[in-house]
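Numbering-wise (the working numbering), the sequence shown opens with residue 14 and increments by one. Each residue gets a CB set at the ideal place from its N, CA and C atoms; glycine is no exception. Predicted, not measured: the structure shown is a model, and the values here were computed from it. Structure, as structure tokens:
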Amino acid sequence: MTGLVNSTSYSCAVKAVNSAGTSPASTAVSVTPAAIAYATPANFAAATTRTFSANLVLVSEVKNRYRYMISDAASASSGAKYLSTGTSYSASAGYAADSTSLPTTTTYDSYLSKLFLVVPQGTTGFFRIDSHLHPNNSLDFDATDGNKLKFRNNFGKASTLYGYLTFSYDTSTKLLQAKKRYKYSYTSASNSTGGTTYTPSWTEDTSFSAAYVSFASGVYSLVSTSAAATPLYFYNSPIDLGIPTFMNPSNVTFVSNDPAPFMS
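Structure, rendered in structure tokens:
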């Protein structure tokens with residue numbers, strides 16, 4: 014049947030027609046055709062501005078390969094501040110480690126900018142902290158800027174090469190301690206396509222001394238003593254960003270090899 018207009022009501026009845034003749038019409042029914050609702054996915058910038066709200070759940074332990082929101086508040090109150098990735102990027106310095114609260118009306122971006130992935134550092138028992146929105150950037154510190162924490166590029170081409178910190182978390186004191194630091198570097202070589210292949214590597218910074226994370230006056234920084242440190246609280250990600258079971262039905266664990274080389 015053609016020529017029907019969407020959202021317009023029609024009365025329809027059916028008759029059977031064959032060699033024996035035509036049957037009486039069936040009881041009429043009312044139908045209203047409608048357009049099929051479908052569309053391509055929204056672009057990322059548009060999707061992150063959509064309204065989204067969730068309840069944050071405080072965790073008792075930090076697990077590898079999980080995403081968390083990190084706060085100085087033991088309860089997810091309206092005044093709680095959360096570690097967040099800065100909005101401005103500097104090729105030489107990376108992103109700032111900012112502190113922001115959740116707005117009254119939250120969007121996906123309100124949470125995504127405050128989500129961080131905990132990644133194990135081999136068998137050391139420590140972990141690095143990667144930005145979810147900018148996963149090439151890991152938490153480091155700037156000794157030339159009051160030991161402030163900053164997110165720096167550790168997995169791509171960079172104008173200045175820095176490194177990342179690895180941490181331990183005391184579930185009793187709620188203190189986050191930077192245990193080690195690894196310096197980032199890479200070698201380059203021409204490839205068969207006429208471009209350049211970069212092979213990254215990370216070496217322990219033996220000059221680094223363990224330090225605690227402090228949060229004061231809106232600034233995250235490293236301090237030498239636990240007495241000067243700030244208790245920090247980890248909240249589960251309100252958005253499920255893990256690998257779906259149907260994409261990993263055998264529950265294969267992450268491999269331990271280094272990231273692959275990248276090209277330009």
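Continuous beta strand (DSSP E) stretch holding residue i: start and end
| i | result |
| --- | --- |
| alanine 229 | 224-229 |
| phenylalanine 57 | First-last for phenylalanine 57: 57-60, but that is the alpha helix (DSSP H), not the beta strand (DSSP E). |
| phenylalanine 180 | 176-182 |
| leucine 152 | 150-155 |
| valine 132 | 129-133 |
| valine 44 | 42-44 |
| threonine 173 | Note, threonine 173: premise wrong, no beta strand (DSSP E); not H, not E. |
| leucine 162 | 161-166 |
| glycine 107 | 107-113 |
| lysine 28 | No beta strand (DSSP E) contains lysine 28, which DSSP labels as neither H nor E. |
| threonine 200 | 189-203 |
| serine 84 | 80-84 |
Cα-Cα separation, residue i to residue j
| i | j | result |
| --- | --- | --- |
| serine 36 | alanine 26 | 12 Å |
| phenylalanine 57 | valine 42 | 44 Å |
| tyrosine 182 | aspartate 143 | 15 Å |
| tyrosine 225 | leucine 189 | 6 Å |
| serine 123 | leucine 17 | 44 Å |
| valine 72 | alanine 171 | 35 Å |
| aspartate 155 | asparagine 68 | 34 Å |
| alanine 38 | alanine 29 | 8 Å |
| serine 114 | serine 20 | 45 Å |
| serine 112 | lysine 187 | 18 Å |
| serine 185 | asparagine 261 | 34 Å |
| tyrosine 248 | leucine 254 | 14 Å |
| lysine 192 | threonine 136 | 14 Å |
| phenylalanine 275 | threonine 206 | 13 Å |
| isoleucine 256 | alanine 240 | 39 Å |
| phenylalanine 228 | phenylalanine 140 | 20 Å |
| valine 236 | asparagine 270 | 33 Å |
| serine 277 | tyrosine 197 | 18 Å |
| glycine 138 | proline 272 | 19 Å |
Beta-carbon spacing of residue i, residue j below 8 Å
| i | j | result |
| --- | --- | --- |
| glycine 99 | asparagine 166 | no |
| tyrosine 199 | serine 84 | no |
| serine 250 | tyrosine 81 | yes |
| alanine 223 | threonine 210 | no |
| threonine 64 | threonine 118 | yes |
| leucine 282 | leucine 125 | Since the displayed the chain opens at 14 and closes at 277, residue 282 lies outside it and no answer follows. |
| valine 132 | arginine 194 | no |
| proline 116 | phenylalanine 168 | no |
| asparagine 160 | serine 220 | no |
| threonine 173 | serine 263 | no |
| glutamate 162 | alanine 110 | Per the sequence presented here, residue 162 reads as leucine, with glutamate not at that position. Cβ atoms of leucine 162 and alanine 110: closer than 8 Å. |
heavy atom of the ligand FAD below 7 Å from residue i C-beta
| i | result |
| --- | --- |
| serine 144 | The ligand FAD is not part of the structure shown, which contains no ligands of any sort. |
Where residue i sits in the DSSP three-state scheme
| i | result |
| --- | --- |
| aspartate 122 | helix |
| alanine 240 | helix |
| threonine 210 | strand |
| threonine 53 | coil |
| proline 98 | One point to set straight first is that residue 98 is threonine, not proline, in the sequence displayed. It is a strand residue. |
| phenylalanine 259 | helix |
| serine 234 | strand |
| aspartate 143 | strand |
| glycine 138 | coil |
| leucine 71 | strand |
| phenylalanine 267 | coil |
| asparagine 19 | coil |
| serine 250 | coil |
| threonine 103 | Reading off the sequence, residue 103 comes out as serine, not threonine. Correct three-state label for serine 103: strand. |
Contact with chain B by residue i, beta-carbon distance below 8 Å
| i | result |
| --- | --- |
| asparagine 167 | In the structure shown, chain B cannot be found, because there is only a single protein chain. |
Meets three-Cβ-pair contact criterion under 8 Å: the segment 145-159 and the segment 170-178 = yes
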